[in-house]
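Notes follow once the structure below has been shown.
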DNA sequence: CTCCAATTCCTAGCACCGCTAGCATTTCAA
DNA sequence: TTGAAATGCTAGCGGTGCTAGGAATTGGAG
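Okay, structure coming up:
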């Protein structure tokens, strides 16, 4: 009968993560306090700490959900394209669209430092899934398999820079299309 | 005799900004609390609020100092180079080096949202100075003067992405040289 | 020199934060 | 039925950014 208890615990853990994500998406992460989160899941604050080490761990869980979601969208964009150039463009657009439509999720994934082993072999599969989509889209433009990793990282960084600078008001919104086109032209090669 | 008072006020304001920057550079921004900052300048907390609207305004002032400092370093790197390709590479290296050597300053400039009118004509001159250095380095590679702005923004975004992802542990440190070389090759054109 | 208004600056405190100790209550196997 | 284990609460700790209100200092006017 241990499994029943474990099942309801696992369910409540999911509930906490979902509530945190929803609250963040509705009002931003600065509105996600342990008190409000506890109120939302209709438990007291200490219950949160019986599931997670702290608020940071909850945000990390949301971030992992975010990577899984992003991987799905990148994959859909990539596999629907007809050629290599179209795939790279589709993935780039899907990436920036994701950051624009789900800013709270993107924040959890990239702007808050979350104790996740990026690049490590035992990083959560969702992280690798998202990265691998970028790598797959970039592969036709890598000179060697050995270069692929670095090229994917560079392309990823460029997309990340574009989205974050724009969302923070450091870049004007209306130049986005042009910048994206420029970036793609540099990676596709004329 | 109004000017004397104003002079000492201005001096104290500088002192506050310097203290904030030094404390952030020494222990990170999470250590910069209004209490510790007040203690450091040997005044009480409310004095800070007679100079600045809040902690955010102090960080904004530090950020502006940071842009001025970055502009200097980018300019030095660019003007010492012998050709266009060398200038672009030198500026890129200076940029990432700045972010690596003065992480607290870079955080104030880019990671904390600071109420600054980026891209606006009446943005602080230091902001334009830094951006203009990037634009100058990129100019030889723009197809038209009209394209220059967007190209500079795109290059800037790529550098920003590389530095931030690396500093947050999202990218491995030891691939930095390779990624930078790849980025430069894409912008210089083989 | 005296007096009074304006400025300066501190003490004390507010509401909130993440987090935890300690104790009822409930659950469930013996 | 009973007693131990698990559960989940109240209350509180030390910290945060920020501010109200009053004491002390300053400096020009009479």
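Residue numbers (the numbering used here), protein chains in the order written: chain A, 1 to 190; chain B, 1001 to 1190.
We put the beta carbon where it would ideally sit given N, CA and C, even for glycine.
Helix, strand or coil: which one does DSSP assign to residue 78 of chain A?
DSSP places residue 78 of chain A in helix when its eight states are reduced to three.
What did DSSP end up calling residue 1014 of chain B once you bin it into helix, strand or coil?
In this structure, residue 1014 of chain B counts as helix in the three-state DSSP scheme.
Would you mind sorting residue 89 of chain A into buried or exposed? The rule is 16 or more other CB atoms within 10 Å of its CB.
That one is buried.
Which term fits residue 1107 of chain B, buried or exposed, when burial requires 16 or more other beta carbons within 10 angstroms of its beta carbon?
The residue in question, residue 1107 of chain B, is buried, as its Cβ has 16 or more Cβ neighbours within 10 Å.
Our contact map puts residue 1020 of chain B next to residue 1032 of chain B with C-beta atoms below 8 angstroms; I'd like the distance itself, whole angstroms only.
Confirmed, about 6 angstroms.
Step through the CB atoms of chain A and report whether any lies within less than 8 angstroms of the CB of residue 1125 of chain B.
Residue 1125 of chain B does not count as touching chain A.
Could you tell me which of B/1104, B/1189, B/1154 sits nearest to residue 1030 of chain B, measuring between CA atoms?
Residue B/1104 is the option with its Cα nearest to residue 1030 of chain B.
When the distance is taken between beta carbons, is residue 98 of chain A closer than 8 angstroms to residue 70 of chain A?
Result yes, Cβ atoms of residue 70 of chain A and residue 98 of chain A sit closer than 8 angstroms.
Along the segment 1090 to 1104 of chain B, where does the CB come closer than 8 angstroms to a CB of chain A? Name the residues.
Listed in sequence order: no entries.
Need the endpoints of the alpha helix (DSSP H) that residue 156 of chain A sits in, please.
That run of the alpha helix (DSSP H) goes 145 to 167.
For residue 10 of chain A, count the other beta carbons within 10 Å of its own beta carbon; 16 or more makes it buried, fewer makes it exposed. Which is it?
By the neighbour-count rule (16 or more Cβ atoms within 10 Å), residue 10 of chain A is not buried but exposed.
Runs of 3 residues minimum, wholly inside the segment 79 to 104 of chain A: which ones carry the beta strand (DSSP E) assignment?
Segments of the beta strand (DSSP E) lying fully in the segment 79 to 104 of chain A: there are none.
Kindly list the residues whose CB is nearer than 7 angstroms to the CB of residue 1078 of chain B, restricted to its own chain and excluding five residues on each side of it in sequence; keep chain order.
Excluding residues within five positions, the ones whose Cβ falls inside 7 angstroms are 1087, 1090, 1091, 1133, 1136, 1137.
Would you please verify whether the beta carbon of residue 1048 of chain B is less than 8 angstroms from any beta carbon of chain A?
It does not: the Cβ of residue 1048 of chain B has no partner Cβ on chain A nearer than 8 angstroms.
Taking only the alpha-carbon atoms, compute the straight-line gap between residue 1062 of chain B and residue 1112 of chain B and give it to the nearest angstrom.
One C-alpha to the other measures close to 11 angstroms.
Assign residue 1 of chain A to buried or exposed, taking buried as 16 or more other Cβ atoms, counted over all protein chains shown, within 10 Å of its Cβ.
In this prediction, residue 1 of chain A scores a pLDDT of 48, lower than 50, which makes its location untrustworthy; no coordinate-derived value is stated.
Would a C-beta distance cut-off of 8 angstroms place residue 170 of chain A and residue 1118 of chain B closer than the cut-off?
Result yes, Cβ atoms of residue 170 of chain A and residue 1118 of chain B sit closer than 8 angstroms.
Which residues in the same chain have their Cβ closer than 6 angstroms to the Cβ of residue 165 of chain A, if we skip the five residues on either side of it in sequence?
Correct list, in chain order: 171.
Cutting at 8 angstroms between CB atoms, please list the residues of its own chain near residue 65 of chain A, excluding the five before and the five after it.
So the list reads 17, 21, 105, 126, once near-sequence residues are dropped.
Classify residue 5 of chain A: buried if its beta carbon has 16 or more other beta carbons within 10 angstroms, exposed otherwise.
When all chains shown are included, residue 5 of chain A counts as exposed.
Against chain B, with Cβ distances strictly below 8 angstroms, would residue 158 of chain A count as a contact?
Closer than 8 angstroms to some Cβ of chain B, the Cβ of residue 158 of chain A qualifies, so yes.
Among B/1067, B/1151, B/1093, which has the Cα closest to the Cα of residue 1130 of chain B?
Closest option to residue 1130 of chain B, Cα to Cα, is B/1067.
Indicate whether residue 1003 of chain B and residue 1096 of chain B have their beta-carbon atoms separated by less than 8 angstroms.
No; because the gap between Cβ atoms is not below 8 angstroms, this pair is not in contact.
I'd like the span of the alpha helix (DSSP H) that includes residue 1043 of chain B, first residue to last.
Careful: residue 1043 of chain B lies outside any alpha helix (DSSP H) and carries neither H nor E.
Where residue 83 of chain A and residue 1048 of chain B are concerned, what is the direct C-alpha to C-alpha distance, given to the nearest angstrom?
Rounded to whole angstroms, residue 83 of chain A to residue 1048 of chain B spans 59 angstroms at the Cα level.
Residues of chain B with a CB under 7 angstroms from the CB of residue 234 of chain A: which are they?
An answer regarding residue 234 of chain A cannot be provided, because it is not within the stretch 1 to 190 covered by chain A.
Given that residue 151 of chain A touches chain B, what residues does it touch there, using C-beta distances under 8 angstroms?
Chain B residues near residue 151 of chain A: 1182.
Please list the partners that residue 1045 of chain B has in chain A, where partner means a Cβ-to-Cβ separation under 8 angstroms.
By Cβ distance, chain A contributes nothing, its closest Cβ being about 22 angstroms from residue 1045 of chain B, past 8 angstroms.
Just mark residue 101 of chain A as buried or exposed, buried being the case when its beta carbon has 16 or more other beta carbons within 10 Å.
Result: exposed.
What is the rounded straight-line gap between the Cα of residue 1158 of chain B and the Cα of residue 1015 of chain B?
Answer to the nearest angstrom: the Cα atoms are 35 angstroms apart.
Residue 172 of chain A touches chain B at which residues, Cβ-Cβ below 7 angstroms?
Within 7 angstroms Cβ-Cβ: 1119.
Mind checking residue 186 of chain A: buried by the 16 CB within 10 Å criterion, or exposed?
With 16 or more Cβ atoms within 10 Å of its Cβ, residue 186 of chain A is classed as buried.
Between B/1177, B/1176, B/1154, which lies nearest to residue 173 of chain A when the distance is taken from Cα to Cα?
Minimum Cα distance to residue 173 of chain A is reached at B/1154.
For residue 160 of chain A, I'd like the list of residues in its chain whose CB is within less than 7 angstroms of its CB, leaving aside the five on either flank, ordered along the chain.
Excluding positions up to five away in sequence, the list reads 110.
Suppose the cutoff is 6 angstroms on Cβ atoms and the five residues either side in sequence are ignored; what does the same chain contact list for residue 1058 of chain B look like?
Cβ neighbours of residue 1058 of chain B beyond the five flanking positions: 1020, 1052.
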